[in-house]
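Position in the sequence shown (first residue = 1) + 317 = my numbering.
Ideal Cβ positions, reconstructed from N, Cα and C, are used throughout, including at glycine.
These notes are about the structure you will find just below.
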Amino acid sequence: MLVSAKEMLDKAKAGHYAVGQFNINNLEWTKSILLTAQEMNSPVILGVSEGAGKYMTGFKTVAAMVKAMIEELNITVPVALHLDHGTYEGCYKCIEAGFSSIMFDGSHYPIDENVAKTKELVAVCREKGISLEAEVGSIGGEEDGVVGMGECADPNECKMIADLGVDMLAAGIGNIHGKYPANWQGLSFETLDAVQQLTGAMPLVLHGGTGIPEDMIKKAIDLGVSKINVNTECQLSFAAATRKYIEEGKDQQGKGYDPRKLLAPGAEAIKATVREKIELFGSANKA
Ligand code: 13P
């Protein structure tokens with residue numbers, strides 16, 4: 318069932334758990350994530366970066382694939398199809414393509430411009446029943462060409478954006494896309510706590526879910542995080558399983574080169590990663 322992310326996240330915030338956003342890159346990724354969410358009776362958010370959307374030939378292709386897959390696989394758990402770190406133009410393209418949720422990442426604009434553009438998108442999304450995520454304070458590292466310095470958000474700016482009526486808010490709290498460096502300082506729970514105090518019932522989003530230790534994930538959920546984004550970790554699992562298959566020479570045995578065989582261990586590895594995260598985030602049986 319393709320839905321906006323609003324209801325599932327409001328429920329998660331009230332129930333003190335988080336819904337996973339797993340980024341997709343192709344058919345295998347999408348299928349593995351949808352099947353695992355269904356198996357675990359968990360709501361799920363499929364994240365699509367602008368780069369991944371382009372790779373899959375465009376947002377219309379992605380929306381058509383996801384909608385058809387939900388139907389063909391009999392997926393009954395709530396699924397949101399969400400633009401990840403959208404530009405202003407990208408948001409409108411995804412709205413037109415039929416996404417059920419979008420993120421407008423205006424964190425690199427001066428706060429007044431971020432507020433103005435977010436406000437405009439709140440009105441458009443409300444009318445169409447699409448959920449909207451906004452960002453304050455950039456997420457560190459690089460994801461599909463989106464580069465951030467990783468500064469912590471100003472809680473007062475978070476309140477300004479939350480008050481516009483967005484459905485979820487990503488606040489930078491020292492989190493980074495991709496692998497965390499050995500000298501990483503950890504999440505700033507002080508910032509998260511201050512943001513949560515000022516934004517109340519607003520579901521907060523934790524980007525850069527890959528590699529955050531379990532105790533930090535649990536503490537972040539306790540402090541109001543209701544959506545956690547995971548991208549790199551599925552890529553690493555897929556790559557490791559595919560490498561093993563090839564290094565064991567399995568692609569050269571029988572018809573092991575058949576893409577349906579070659580990509581199967583990677584697809585299974587994505588499922589295992591998603592399963593692990595759904596358990597950790599506490600969203601199993603919350604569909
Ligand atoms: P990771 O790639 O670090 O898991 O981050 C994902 C993310 O935040 C998507 O926006």
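Whole-angstrom distance between G571 and L523, CA atom to CA atom: Here residue 523 refers to the residue found at position 206 of the sequence shown. Here residue 571 refers to the residue found at position 254 of the sequence shown. C-alpha separation (whole angstroms): 44 angstroms.
Just tell me which of V394, V361, L398 has its CA closest to the CA of T378. As a position in the sequence shown, residue 378 is number 61, starting the count at 1. Closest in C-alpha terms to T378, from the list V394, V361, L398, comes L398.
For D422, verify whether its CB is less than 6 angstroms away from any heavy atom of the ligand 13P. As a working mapping, residue 422 is identified with position 105 in the sequence shown. Checking the Cβ of D422 against the ligand 13P gives no.
From the DSSP output, in three-state form, read off G643 for me. A query on residue 643 cannot be resolved here, the shown segment of the chain reaching from 318 to 604 and no further.
How long is the line joining the alpha carbons of I412 and F339, rounded to whole angstroms? Reading the sequence shown from its first residue, position 95 is the one you call residue 412. Reading the sequence shown from its first residue, position 22 is the one you call residue 339. The alpha-carbon atoms of I412 and F339 are separated by roughly 20 angstroms.
Of the residues T353, H402, C551, S359, which one's Cα is nearest the Cα of M325? As a working mapping, residue 325 is identified with position 8 in the sequence shown. Nearest C-alpha to M325: S359.
Just checking, does the stretch 562-571 make contact with the stretch 327-345 on the three C-beta pairs under 8 angstroms criterion? By the Cβ rule, the stretch 562-571 does not count as touching the stretch 327-345, because fewer than three pairs are nearer than 8 angstroms.
For A488, which residues does DSSP report across the bridge? Taking the sequence shown and counting its residues from 1, one reaches residue 488 at position 171. A488 pairs with V453.
Kindly indicate which three-state DSSP category E565 falls into: helix, strand or coil? Sequence index remark: in the sequence shown, residue 565 carries index 248 (1-based). In this structure, E565 counts as coil in the three-state DSSP scheme.
Which same chain residues end up closer than 7 angstroms to A380 when comparing Cβ atoms and leaving out the 5 residues on each side of it in sequence? Indexing the sequence shown from 1 puts residue 380 at position 63. Here the set comprises L398, A414, G415, F416.
Beta strand (DSSP E) segment containing F339, residue limits: Counting from one through the sequence shown, the residue named residue 339 turns up at place 22. Per DSSP, the unbroken beta strand (DSSP E) holding F339 starts and ends at 336-340.
Please state the DSSP three-state secondary structure of G403. By 1-based counting over the sequence shown, the position of residue 403 is 86. It is a strand residue.
Can you check which of these residues, L352, T527, L400, G370, is closest to N343 by C-alpha distance? Taking the sequence shown and counting its residues from 1, one reaches residue 343 at position 26. The option with the nearest alpha carbon to N343 is G370.
Roughly how many whole angstroms lie between the Cα atoms of S418 and S505? Residue mapping note: residue 418 aligns to position 101 of the sequence shown, counting from 1. Residue mapping note: residue 505 aligns to position 188 of the sequence shown, counting from 1. Spanning the two alpha carbons is a distance of roughly 27 angstroms.
Under three-state DSSP, which class holds E468? Your numbering for residue 468 matches position 151 in the sequence shown. Reduced to three states, the DSSP call for E468 is coil.
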